[in-house]
Ligand SMILES: [Zn+2]
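What follows is the structure, given as structure tokens:
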């Protein structure tokens with residue numbers, strides 16, 4: 164075996180050689196499966212849109228707006244973190260503005276080699292100025308299509324029901340997701356305040372979603388314990404779990420998630436800022452990786468959390484001394500966990516592996532000698 168050559172077995176995975184740079188992570192072909200539209204606008208765009216539409220944000224300059232939103236701030240709780248969305252939502256009430264937010268998100272992804280993303284939002288939060296629900300969805304889908312055309316980034320929409328809004332509204336969102344399945348929508352989620360708002364209250368929505376074969380991911384195990392993950396999986400039929408930070412508190416459920424290859428959409432920076440974890444070192448990312456759970460890295464909210472996919476990889480690499488194999492696993496897991504059709508996923512997975520292995524060799528002189536991907 165050559166120097167730096169790796170075997171694909173956990174016991175022989177070497178530690179990081181410390182040579183990788185932030186630029187290396189920027190070049191990696193990445194996915195972002197957990198990113199909220201209303202949490203990921205550019206600050207300058209919010210300011211522009213507020214001026215254009217004469218919306219009073221209660222601030223008189225871009226700097227004041229930055230202070231108000233406080234990107235990257237560590238909050239007291241998830242509920243406190245979610246307050247930033249009250250501001251961003253004020254400018255996301257027209258077709259034009261929704262289109263722009265989606266288009267610019269595609270551009271931001273392209274700039275850092277995020278080749279595929281699934282953006283989520285709850286259309287009900289964009290009806291303040293009278294837009295219809297289909298208009299709200301079509302504007303974003305059109306923005307994403309234009310983004311794909313201009314920047315080459317593929318994407319899909321995940322429609323969110325909201326835990327802290329009536330289950331009837333979740334059912335309306337579920338109907339919308341079903342109507343737009345294969346027309347830009349790739350899945351359904353339940354977002355919002357987790358504590359005191361159990362997913363099982365929204366069973367009507369999930370029943371409709373599952374009977375129409377729509378993909379499901381649910382925010383769970385972020386601000387509430389493993390019971391929330393249990394409900395998401397066994398009451399609501401989740402195919403993926405958003406966050407799942409607190410899965411580590413229940414070893415039996417953790418093994419179930421692992422055995423069934425249920426992906427976890429980890430968003431470490433956001434988890435620090437909502438106090439789901441005390442600090443990045445306490446995040447279970449590496450623990451999960453070592454157990455071979457199907458973990459993915461994601462941004463959650465590019466603006467509110469002040470992050471990018473490159474930042475998330477760079478931070479995880481430094482905090483956990485990730486090995487090249489760990490990094491390859493995260494990249495591969497992102498593709499495997501996506502809601503892409505299987506045939507497309509299979510060929511895209513080969514391409515991503517090829518690109519990643521080439522980058523490791525060219526940029527860091529690390530030869531990842533791995534077996535071809537088989538199975539699901
Ligand atoms: Zn989220």
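Numbering (my numbering), first residue to last: 164 to 539. By construction, the Cβ of each residue, glycine as well, lies at the ideal position given by its N, Cα and C atoms.
Exposure of residue i, with buried meaning 16 or more beta-carbon neighbours within 10 Å
i           : result
residue 453 : exposed
residue 462 : buried
residue 244 : buried
residue 292 : exposed
residue 513 : exposed
residue 306 : buried
residue 350 : buried
residue 224 : exposed
residue 422 : exposed
residue 237 : exposed
residue 359 : exposed
residue 230 : exposed
residue 247 : buried
residue 391 : buried
residue 174 : Note that residue 174 scores 37 on pLDDT, short of 50, meaning its location in the model is unreliable; the coordinates nonetheless yield the value given after this. Classification of residue 174: exposed, given that the 10 Å Cβ count is below 16.
residue 217 : exposed
residue 414 : exposed
residue 346 : exposed
residue 389 : buried
Segment limits, alpha helix (DSSP H) that includes residue i
i           : result
residue 214 : 206-215
residue 368 : 366-374
residue 251 : 247-253
residue 351 : It is not in any alpha helix (DSSP H) - residue 351 instead sits in the beta strand (DSSP E) that spans 348-354.
residue 386 : Looking at the DSSP string, residue 386 is not in any alpha helix (DSSP H), and its letter there is neither H nor E.
residue 474 : 472-483
residue 264 : 258-274
Per-residue DSSP class, three states only, for residue i
i           : result
residue 381 : strand
residue 333 : helix
residue 430 : coil
residue 199 : strand
residue 238 : coil
residue 435 : helix
residue 503 : coil
residue 279 : strand
residue 328 : coil
residue 402 : coil
residue 318 : strand
residue 310 : helix
residue 164 : Here the model assigns residue 164 a pLDDT of 37, short of 50, so the residue's position is not dependable, and the following value carries that caveat. Coil at residue 164, not helix or strand.
residue 509 : helix
residue 519 : helix
residue 290 : coil
residue 219 : coil
residue 244 : helix
residue 441 : coil
Own chain partners of residue i with C-beta closer than 8 Å, once the 5 adjacent residues on each side are dropped
i           : result
residue 189 : 275, 276 and 473
residue 411 : 417, 447, 450 and 451
residue 468 : 202, 234, 235, 430, 432, 433, 436 and 462
residue 286 : 296, 299, 300, 322, 336 and 339
residue 475 : 430, 431, 432, 460, 461 and 462
residue 354 : 199, 283, 285, 323, 324, 325, 326, 382 and 405
Proximal residues to residue i (C-beta, below 7 Å), its chain only, five neighbours per side dropped
i           : result
residue 444 : 482
residue 172 : The pLDDT assigned to residue 172 is 35, lower than 50, so where the model puts this residue is not dependable, and the model offers no usable value.
residue 311 : 269, 317 and 318
residue 403 : 380, 425, 426, 428 and 500
residue 228 : 206, 209, 210, 220 and 222
residue 440 : 408, 434 and 446
residue 314 : 269, 270 and 273
residue 260 : 212 and 254
Contact set for residue i: own chain, Cβ-Cβ below 6 Å, skip 5 residues either direction
i           : result
residue 539 : Because the pLDDT of residue 539 is 49, which lies under 50, any placement of that residue in the model is unreliable, and the number read from its coordinates should be weighed accordingly. Result list for residue 539: empty, nothing under 6 Å.
residue 471 : 275
residue 262 : 302, 305 and 306
residue 309 : 266
residue 375 : 341
Delimiting residues of the beta strand (DSSP E) encompassing residue i
i           : result
residue 231 : Premise fails: residue 231 lies in the alpha helix (DSSP H), 225-232, not in any beta strand (DSSP E).
residue 187 : Element bounds for residue 187: not the beta strand (DSSP E) but the alpha helix (DSSP H), 185-190.
residue 390 : Run containing residue 390: none in the beta strand (DSSP E); it sits in the alpha helix (DSSP H), 389-397.
residue 420 : Run containing residue 420: none in the beta strand (DSSP E); it sits in the alpha helix (DSSP H), 414-422.
residue 452 : First-last for residue 452: 448-453, but that is the alpha helix (DSSP H), not the beta strand (DSSP E).
residue 459 : 458-460
Taking 8 Å as the threshold, find out whether the stretch 290-301 comes into contact with the stretch 335-344 through three or more Cβ pairs.
Contact holds: three or more Cβ-Cβ distances are below 8 Å.
With a cut-off of 8 Å, do at least 3 Cβ pairs link the stretch 395-404 to the stretch 352-369?
yes
Spell out a yes or no on whether the stretch 489-509 and the stretch 203-223 are touching, meaning 3 or more CB-CB pairs, one atom from each, closer than 8 Å.
no
Is there contact here, the stretch 193-209 with the stretch 239-259, by at least three beta-carbon pairs under 8 Å?
Because the criterion of three Cβ pairs below 8 Å is met, the stretch 193-209 and the stretch 239-259 touch.
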